[in-house]
Each structure stands twice: as structure tokens, then as C-alpha cells.
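Asks:
Residue numbers (this note's numbering): 4 to 423.
1) Could you work out which residue in 27, 45 and 88 is closest to residue 69 when comparing CA atoms only?
2) Under the three-state reduction of DSSP, which class applies to residue 264: helix, strand or coil?
3) Could you tell me which whole alpha helix (DSSP H) segments of length 4 or greater appear in the stretch 347-414?
4) Among residues of its own chain, excluding the 5 on either side of residue 354, which ones have a beta-carbon nearer than 6 Å to its beta-carbon?
5) Give the range of the alpha helix (DSSP H) segment to which residue 107 is assigned.
6) From residue 147 to residue 369, what does the alpha carbon distance come to, in whole angstroms?
7) Let me know the secondary structure DSSP gives residue 185 once reduced to three states.
8) Going straight from the alpha carbon of residue 384 to that of residue 263, what length do you get?
9) Which same chain residues end up closer than 7 Å to residue 32 when comparing Cβ atoms and leaving out the 5 residues on each side of it in sequence?
10) By how many angstroms is the C-alpha of residue 78 removed from the C-alpha of residue 274?
11) DSSP on residue 153, reduced to helix/strand/coil?
12) Tell me the rounded alpha-carbon separation between residue 183 and residue 326.
13) Would you kindly work out how many angstroms separate the C-alpha atoms of residue 361 and residue 142, rounded to a whole number?
14) From which residue to which residue does the alpha helix (DSSP H) around residue 134 run?
15) Confirm, please, whether the CB-CB distance from residue 372 to residue 82 is below 8 Å.
16) Taking the alpha carbon of residue 188 as the point to measure from, which residue in 396, 65, 52 and 307 has its own alpha carbon closest?
17) Could you give the residue range of the alpha helix (DSSP H) that holds residue 251?
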């Protein structure tokens, strides 16, 4: 009797844990899409925004740059807040900030004649804080929930980014066709989805705290929340979290920003170089998102056989080949195919870097995600601004050459991450 009752008791105990795991995973997925729709949504609407505000495309691109600047503190401190307060309260506050920010942007555009452009930039920057917090919190949560298979889990989770890009690009293409390139309906769509995604937080336990149970370096929540402060206030002591992540940080600086820039500027690039309409450019960029999503799914399976480091090197090579093909493309369809190839290569790189960083640190997974996403955000700000500057002021080919040089340097720096 006692022998047979133990498995039943064990089964009874694990069922609530499985339900909680599924609930937190689904909530992380829904809320991550709030960030995805807000972040990737800039690409399709930049050209219509430029027409509505009667300003140049390069000036309109400042909205994306300022969003990325707001992303930085949100990502840095959002990960630490995850370690301290748990996912429920942090994700609720961050999503609310994004909703309020996009709603204020909508009202500002509705009254564009009375709204200074500087005020729009401020609104977008504040919304970016919420977006960065969502990104860091959801990635840190997935990293902790699936620590045994972190590389695969993070690649599968970040598969949601290109999938969300596909959905948003197709929705925006349809809305532009129905409403004559008006940028306001896509903003309403993002607001509505964000409100629905908030409901998923009701299934997340209030008292849940993130711990890496499979790491011998796991820390209490209070100590984990101080990791970011240590990286800022301690600079000459024994190796801390920042020093453990430094090689990953440097390599990410040259790759993650390029990835975000390509996603944001693909519709504008197709419009400037090949004269595509905003609706068609959005639809073509949606095709690249779909291919990137499939590549991320393949990478999640391939990383089990190759390992994280080889996955990064393979992605770097494919990305460089894709950018060279973009330079040589004579028309929009071939350019779209070449951009899709770059998406295939570069899509799994960020999630794989995040997995390597989590494994090297072995503790404070929320803070690790925050630091690496902060690094990614800095790279995104610079690359997004410089790509737009080259595209609109110097020439589109120079913007692609810039991407080639940065990805090549990132690949060289990633050689230091080769496992012994």
C-alpha cells in the first residue's frame, strides 16, 4: 500500500506545479507580444507617420530611436525587479505603461496640428520604458522556468518575435489598404491587444519568485535584486555579474542592434530603394518575418545538436551572405528574399547569446536578462539611428555596408565565447 501510494501523492503534488508552469508560460507569451507589437510596429507605420506629420522620414525615425532609448532603463531595471517582486506585479505595471503611452501617442497624432513633435518623442520614450521591462521580465521568466533546456526554450520563446511581426505586418497592410495609409488604426489594434493580454496575468501566482533551482549559485530574491547595483557601484572587486557577462555583452553590441534595425527599417528600405507603397512594403516585410519565424523554429531544434556557440557562428555566416545578396539585388522581390535570408541568420543570435549569458552567470536570471537586453537596447539605439541616417542621407547601399561590418565584427568577438 505504501509503495503504490507514493507515486499517486507525487502525481497529486506535481499537477498544480504543471498548471502553474503552463499559466506562467502562456502569460509570458501573451505579454511578450505586447512588446513585439509595440516594438516591431514602428517599421510599417514610419512612412505613413512621415506623411501625416509632414516631416521627413529621417526625422520620423527619431520616434523609433527615442522608443529604443526609453527601452534601456526599462530593460536594465525591469530584470532586477523581476528577481525582487516576481513577474505578476512587474508585468502588470509595464504593460500599463505601454498602453498609456500608445494611447497618448494616438491622441497626439489625432491632434497633430496642436501637438509638438517633442511631446510625441517624450510620450514614445516613456512607453519604451514599459516595453523594455516587458522584454527583460518575460525572457528572464522563461530562462528560469526552463533552466534545464534554456537555449532551446529561449529560442522557441523568441520565435514569438518574428511570428508577432508577421501578424502585425499583415494586419497593418490590411488596415493601410482600408484606411488609406492612416497610421492611427494600427495603434488602436496594439492598444486593444494589450488590454486583452493583461487578463492573462490573472492566472500567474502572486507570490511566485524566480529562482534557478538547477543552479548551485542560486540566490535569495533580495540578493539577486542587488546584482545590477553591484555592476554599477562595484568596479574593482572580485568578478561580479557584469564581469562574467562582459564577453557576451561586447559580442552582442555588434549584432543585436543590427537585427532590430533590419526589422524596423525593412519597409522604409523597400520604399526608398524600390518605390514600394507602404501597404506593399508592409506585406513584403511580413514575408521576411514569416521566414524568420520558421528559421527560429529550426534553430531551436538545431541548437541541441550544435550547441550555443556553433549556432551563433552559423547564424553570423548566413547573415553576412544575406546582406551581400541585398547589395546585389536588382528588384524588390529579390531584395525581399535577401532580407529574409539575413533574418534566417540573425534571428536566433540574440536568444542564443541570452542563453550563454545565463549559463555563464548561473544566478540572478532576471538581472542577467536585464543587463543583456540593456546591451541590446544600446546597440539598437545606435544602429537604428545610424542605419536611418545612412539610408536617408548618404545612400541605401551604405546602410547595408554598415550592417555587414558590424555583424562581421560581432562574429569575430563571438570567437571568445567558444567553450573549452
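C-beta: ideal position from N, C-alpha, C; glycine also.
Replies: Taking the geometry as given:
1) By 1-based counting over the chain shown, the position of residue 69 is 66. Nearest C-alpha to residue 69: 45.
2) For the purposes of this step, residue 264 is identified with residue 261 of the chain shown, where counting begins at 1. Note: residue 264 maps to helix in three-state DSSP.
3) 368-392
4) Working through the chain shown from its first residue, we reach residue 354 at position 351. If we look at residue 354 and ignore the five residues flanking it on each side, its Cβ neighbours are 157, 158 and 161.
5) Taking the chain shown and counting its residues from 1, the one referred to as residue 107 is at position 104. Run containing residue 107: 90-113, per the alpha helix (DSSP H) assignment.
6) Here the question's residue 147 lines up with position 144 in the chain shown. Here the question's residue 369 lines up with position 366 in the chain shown. Between residue 147 and residue 369, the C-alpha separation is close to 8 Å.
7) By one-based count along the chain shown, residue 185 stands at place 182. Residue 185: coil per DSSP, three-state reduction.
8) Mapped onto the chain shown, residue 384 falls at position 381. Mapped onto the chain shown, residue 263 falls at position 260. Distance between the alpha carbons of residue 384 and residue 263: 9 Å.
9) On the chain shown, position 29 is the one that residue 32 refers to. Answer for residue 32: 163, listed in chain order.
10) The residue labelled residue 274 in the question sits at position 271 within the chain shown. The residue labelled residue 78 in the question sits at position 75 within the chain shown. C-alpha separation (whole angstroms): 32 Å.
11) Against the chain shown, residue 153 aligns to sequence position 150. If DSSP states are grouped into helix, strand and coil, residue 153 belongs with the helices.
12) Your numbering for residue 183 matches position 180 in the chain shown. Your numbering for residue 326 matches position 323 in the chain shown. Those two C-alpha atoms are separated by around 32 Å.
13) As a working mapping, residue 361 is identified with position 358 in the chain shown. As a working mapping, residue 142 is identified with position 139 in the chain shown. Cα to Cα, the separation comes out at about 11 Å.
14) Residue mapping note: residue 134 aligns to position 131 of the chain shown, counting from 1. Where residue 134 is concerned, the enclosing alpha helix (DSSP H) stretches over 120-148.
15) Locating residue 82 in the chain shown gives position 79, counting from the first residue. Locating residue 372 in the chain shown gives position 369, counting from the first residue. Against a cut-off of 8 Å, the Cβ pair of residue 372 and residue 82 comes out as a contact.
16) The count along the chain shown starts at 1 and reaches residue 188 at position 185. Answer by Cα proximity: 52.
17) The residue you call residue 251 lines up with position 248 of the chain shown. Element bounds for residue 251: 244-256.
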